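Position in the sequence shown (first residue = 1) + 1 = this note's numbering.
By construction, the Cβ of each residue, glycine as well, lies at the ideal position given by its N, Cα and C atoms.
Note that the structure is a prediction, hence the values are computed from the model and not measured.
Here is the structure we will look at.
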Amino acid sequence: MKAKSLAPVLPYLAVWLGLFLIKNAWATLLGFHLAILLALFALRPSLPLNVFAQPANGKRLLLTLLLCAASGFGLYLLRDFFHIANDLGAQLAEIGLNQDTWFGFIAYFALVNPFFEEYFWRGVLGSATRGFYFGDLVYAGFHVMVVWNKTHPFSILFMLAVLTFIGWLWRQHYRKDGSLLTPVLGHMAADLSILIALYKLATA
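Structure representation (structure tokens):
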């Protein structure tokens, strides 16, 4: 139990090192995935990888896909409301996201990252409780470092609340279906739409 409660420390540390010391988006993402693998090696979970291929409720899957895909559109349309930094493009260029790297980064982030995160946060560290679980907030928390100095503090708090809810929602899908199919596809839809919105904002 103690090892499980300490497992998120490694991914948090990887994000901090990648963004604030190395200052490179690819190093951050790959370091984040390496940290998850190291944490999983220490925990040695018995959860099989075919948990992603188990059948899921079709209606919940469709609604989740629509909700998550809308996140990027909402971010783009409400960019002034969220007070996105005027120098967002310059900030992202400083961590290596430019015309040469954006598309590969978006593809890897949207197609690969969700499998790491859903297996780790929902599958291994999740809970079967129907109510709020502290792990939902822990999942949301590391995103604060990602958006730091890129938007208004109140927008960061709003993001934290939304991601905590989304973490709870994906956990409920896993609890009900016994499958990570809906969470991972929803995560893909969210990541893809948000990254496309950020690309549009950064290159406008």
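Residue j beta carbon less than 8 Å from that of residue i
i    : j    : result
A190 : A70  : yes
V16  : V147 : yes
R123 : Y175 : yes
L7   : A111 : no
N114 : L39  : no
D178 : Q55  : yes
F104 : W27  : no
Residue i burial status per 10 Å Cβ neighbour count (16 or more: buried)
i    : result
L50  : exposed
T65  : buried
S47  : exposed
P12  : buried
W149 : exposed
L98  : buried
G127 : buried
D81  : exposed
L164 : buried
G73  : buried
L62  : buried
L79  : exposed
L181 : buried
A36  : buried
Backbone CA spacing between residue i and residue j [nearest angstrom]
i    : j    : result
R172 : D101 : 36 Å
L14  : V145 : 13 Å
L44  : L68  : 32 Å
A162 : A198 : 20 Å
I23  : Y109 : 20 Å
G19  : F33  : 8 Å
V125 : A57  : 19 Å
F42  : Y140 : 19 Å
G75  : V10  : 31 Å
Validate contact between the stretch 116-128 and the stretch 178-193 using beta carbons, cut 8 Å, 3 pairs | yes
Tell me, please, whether the stretch 195-204 touches the stretch 76-94 by the rule of three or more beta-carbon pairs shorter than 8 Å.
-> yes
Quick one: any contact between the stretch 158-173 and the stretch 120-140, if contact means 3 or more CB pairs under 8 Å?
-> For the pair of segments examined, the stretch 158-173 was found to touch the stretch 120-140: the number of CB pairs separated by less than 8 Å reaches three.
The stretch 81-88 touching the stretch 149-168, judged by at least three CB pairs closer than 8 Å | The stretch 81-88, when compared against the stretch 149-168, does touch it at the 8 Å Cβ threshold.
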